[in-house]
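Chains as they are written, first to last, in numbering that gives the first Met the number 0: chain C, 0 to 321; chain S, 0 to 225.
Even for Gly, the Cβ is constructed at its ideal location relative to N, Cα and C.
Since the structure is predicted, the reported quantities are computational estimates derived from the model, not experimental observations.
To start, the structure itself, in structure tokens.
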Amino acid sequence: MIEAVGLRKVYPLKQREVVALDGVDLHVEQGEIFGVVGQSGAGKSTLLRCVNLLERPTSGTVSVDGRELTGMSAGGLRQARRGIGMVHQHFALLSSRTVAANVAFPLEIAGVPRARRAARVGELLELVGLADKAKAYPAQLSGGQKQRVGIARALASDPKVLLSDEATSALDPATTESILELLRDLNRQLGLTILLITHEMDVIKRICDSAAIMENGSFREAGKVLDLIGTPDSLLAASLFPLPATDVPDAVALTYPRSFDEPLMSELTRRFDVDVNVLGGAVENVAGTSVGRLNVQVRGANREAALGFLADKGLLVREANR
Amino acid sequence: MSWTEELAQRWPEMSEVLWYGTLDTLYMVLWATVFSVLVGLPLGVLLVTTDRGGLTPAPVLKAVLGAVVNIGRSLPFIVLMVAVLSLTRLLIGTTLGPTAAIVPLSIGAIPFFARLVETAVREVDREVVEAAHAMGARKLTIVGKVLLPEALPGLVAGLVMTVVALVSYSAMAGAIGGGGLGDIAIREGYQRFDDYYLWATVILLVVIVQAAQSLGDFIIRRVSHR
Chain C
0 MIEAVGLRKV YPLKQREVVA LDGVDLHVEQ GEIFGVVGQS GAGKSTLLRC VNLLERPTSG
60 TVSVDGRELT GMSAGGLRQA RRGIGMVHQH FALLSSRTVA ANVAFPLEIA GVPRARRAAR
120 VGELLELVGL ADKAKAYPAQ LSGGQKQRVG IARALASDPK VLLSDEATSA LDPATTESIL
180 ELLRDLNRQL GLTILLITHE MDVIKRICDS AAIMENGSFR EAGKVLDLIG TPDSLLAASL
240 FPLPATDVPD AVALTYPRSF DEPLMSELTR RFDVDVNVLG GAVENVAGTS VGRLNVQVRG
300 ANREAALGFL ADKGLLVREA NR
Chain S
0 MSWTEELAQR WPEMSEVLWY GTLDTLYMVL WATVFSVLVG LPLGVLLVTT DRGGLTPAPV
60 LKAVLGAVVN IGRSLPFIVL MVAVLSLTRL LIGTTLGPTA AIVPLSIGAI PFFARLVETA
120 VREVDREVVE AAHAMGARKL TIVGKVLLPE ALPGLVAGLV MTVVALVSYS AMAGAIGGGG
180 LGDIAIREGY QRFDDYYLWA TVILLVVIVQ AAQSLGDFII RRVSHR
């Protein structure tokens, strides 16, 4: 749905050049939530702005929904942008307009007649749970309510793609939770493709199907969240499950890509006559799936066979000390 | 004769002079305000949008407009009035009377209002402008539906300041035959030492300024939703 190839963005300063994007390839599939996580200054924001060409990349191409934006005329680009919603960190609502008029704004821009605008605004406010606030002004709303208005506005022109620029960074944890839930619901109900940037690993964990970790203008790693978690030494797994390093002999790192009903550890000791000693563990809910990581010490004559058994069961097994 | 008795005796004649003087002042200020808005508003918006990184970047145009505005702002009004006398004669046919005074008043107030518009428009949140771009808005739409409505409270405040400045300018215009309350204050109050006219014009000018300010504050409260 979003295809960016070889994106580079260089800001020329007086003495030197600042490379904000250093050859990024971004591939976001139809209907998925793709999260880009990184520290501030990593280039996430520039990347997001390159997707709807608020920033024009120095080189590289961007296509959304099969149409190449980088080759479009100004008029074509304006048209294409109406199919790409955007949610902003500080909401970017018009303080001079009521909630309803803010949501209607993109429809006005697109030239939708007044009667159809009013009906659509009603639906959208219903969708984000703010039907009773239609006549309020943004200054009268809480941060979470403002962001709901921002989301309703972004959805007004029925976009296939939603870009989210740190949409929850200015919100408290409980409100963040509810906004993320809303995004997840919209993604499921409307089949909306979402590209979001965030500096919070938590956001990736909660709602993203795919993720990329960005550093110094390029992706350190990118892929399906569950695949990345199962990949030995992936940065994502390391930051989601920060298990302490162990120097215990014969230690093994186990990753549960889903929850298991069977009592695997006791079966292990019974069938293979090995000693299992749990060193550390963590369970996280990732992309709606319970994922766990466990550091265990496994000792005994049948150690290799025991580890093979776990791998056959679908666990990801890795020697911790090699 | 006490001053109250003297005032009562002179009031029928004075009130007529002051009434027409007030009308002349309002006439000059009103028209000069109209021209200031017609020219100053687009000028002030352009001063923001021609910025590097603005809506319509144009560094050369910005430098030229900025210089023109600064020249207008740096001239004391009394000097500007004299400096544009020939232009006034060309446009109106005379340099005397309230209609003639509208020319220097407008020329004096346009750059003043333009700077105030610039300040108000510059205050508009950049993220909101960016959001409008992301929605596929045209530049003219962004000016008309984002910049101006969002800056409206600041624009009204600037307009009030301009009206107040124009009332004061119009009194100066009286000094070179522009008519209005300033003319009365100078001819009757200053040159003929008539304190009754002097204080009557002072009171009327204060009332006009106060009324403009109160009306402006009321409108600002109505249009501000921050």
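At a cut-off of 9 Å between beta-carbon atoms, S/PRO56 makes no contact with chain C. A direct Cα-to-Cα measurement between S/SER85 and S/PHE111 gives close to 22 Å. Interface flag for C/ILE83 against chain S is set, since a Cβ pair is found closer than 9 Å. For the segment 115-148 of chain S, residues whose beta-carbon sits nearer than 8 Å to a beta-carbon of chain C comprise ASP124, GLU126, VAL127, GLU129, ALA130, ALA131, HIS132, ALA133, MET134, GLY135, ALA136, ARG137, THR140, LYS144, VAL145, PRO148. For C/ASN215, there are no C-beta contacts with chain S under 9 Å, since the nearest C-beta of that chain is about 24 Å from it. Distance check between C/GLY59 and each of C/GLY75, C/LYS8, C/ARG302, C/TYR255 places C/LYS8 closest, using alpha-carbon atoms only. At a cut-off of 9 Å between beta-carbon atoms, C/LEU76 makes contact with chain S. Judged by DSSP in its simplified three-state form, S/MET13 adopts helix. Taking 9 Å as the threshold, the shortest C-beta distance from S/ARG72 to chain C does not fall below it. For C/VAL282, the enclosing beta strand (DSSP E) covers residues 274-285.
Cβ contact annotation for C/VAL98 (same chain, cutoff 6 Å, sequence separation greater than five): LYS132, ALA133, ALA135, VAL148, in chain order. At a cut-off of 3 residues, the continuous stretches assigned as beta strand (DSSP E) that sit fully inside the segment 154-194 of chain C are 160-164. In terms of Cα proximity to C/ALA130, the closest of C/ALA151, C/ILE206, C/ALA138, C/ARG115 is C/ALA151. Out of C/THR57, C/GLU261, C/PRO56, C/ASP249, the CA that lies nearest to the CA of C/ASP274 is found in C/ASP249. Straight across, the Cα-Cα distance linking S/ILE70 with C/SER168 is about 46 Å. Shown here for S/LEU17: same chain residues with a beta carbon closer than 6 Å to its own, the five before and five after excluded, namely ALA199 in chain order. In the DSSP assignment, C/ASP21 falls within the unbroken beta strand (DSSP E) covering 16-27. Per DSSP, the continuous beta strand (DSSP E) segment holding C/SER58 begins and ends at 58-63.
If the five residues before and after S/THR55 are omitted, its C-beta is found closer than 7 Å to the C-beta atoms of THR48, THR49, LYS138, all from its own chain and listed in chain order. Taking a beta-carbon distance threshold of 9 Å, C/TYR10 does not count as an interface residue toward chain S.
Put simply, the backbone Cα of C/ALA138 is about 21 Å away from that of C/ALA155. Secondary-structure assignment with DSSP links C/ASN294 through a beta bridge to C/ALA252, C/GLY279.
Residue burial is scored here from C-beta neighbours: C/ARG48 has at least 16 other C-beta atoms within 10 angstroms and is therefore classed as buried.
Counting the other CB atoms within 10 Å of its CB gives S/PRO58 a total below 16, which places it among the exposed residues. When DSSP reads this structure, C/TYR10 sits in a beta bridge with C/VAL17. Using a Cβ-Cβ distance cut-off of 8 Å, the segment 114-122 of chain C and the segment 145-158 of chain S are not in contact, since fewer than three pairs of beta carbons, one from each stretch, lie closer than that value.
For C/ALA236, the enclosing alpha helix (DSSP H) starts and ends at 234-239. Of all residues in the segment 131-147 of chain C, only TYR136, PRO137, ALA138 come within less than 8 Å of chain S when Cβ atoms are compared, listed by chain position. When the beta-carbon positions are compared, S/LEU40 and S/ALA113 come within less than 9 Å of each other.
Here C/GLN88 has ASP164, GLU165, ALA166, SER168, ALA169 as same chain residues with Cβ atoms under 8 Å from its own Cβ, once five neighbours each way along the sequence are excluded. Rounded to the nearest whole angstrom, the CA to CA distance from S/ALA210 to S/GLY96 is 25 Å. Between S/ASP216 and S/SER73, the alpha-carbon positions lie close to 28 Å from each other. Within the segment 61-85 of chain S, the complete alpha helix (DSSP H) runs of at least 4 residues fall at 76-82. Taking CB atoms only, S/VAL222 has a neighbour in chain C less than 9 Å away. C/ARG116 has a beta carbon lying at 9 Å or more from every beta carbon in chain S. Measuring C-alpha to C-alpha distances from S/THR140 to each of C/PHE104, C/CYS207, C/ASN301 identifies C/PHE104 as the nearest.
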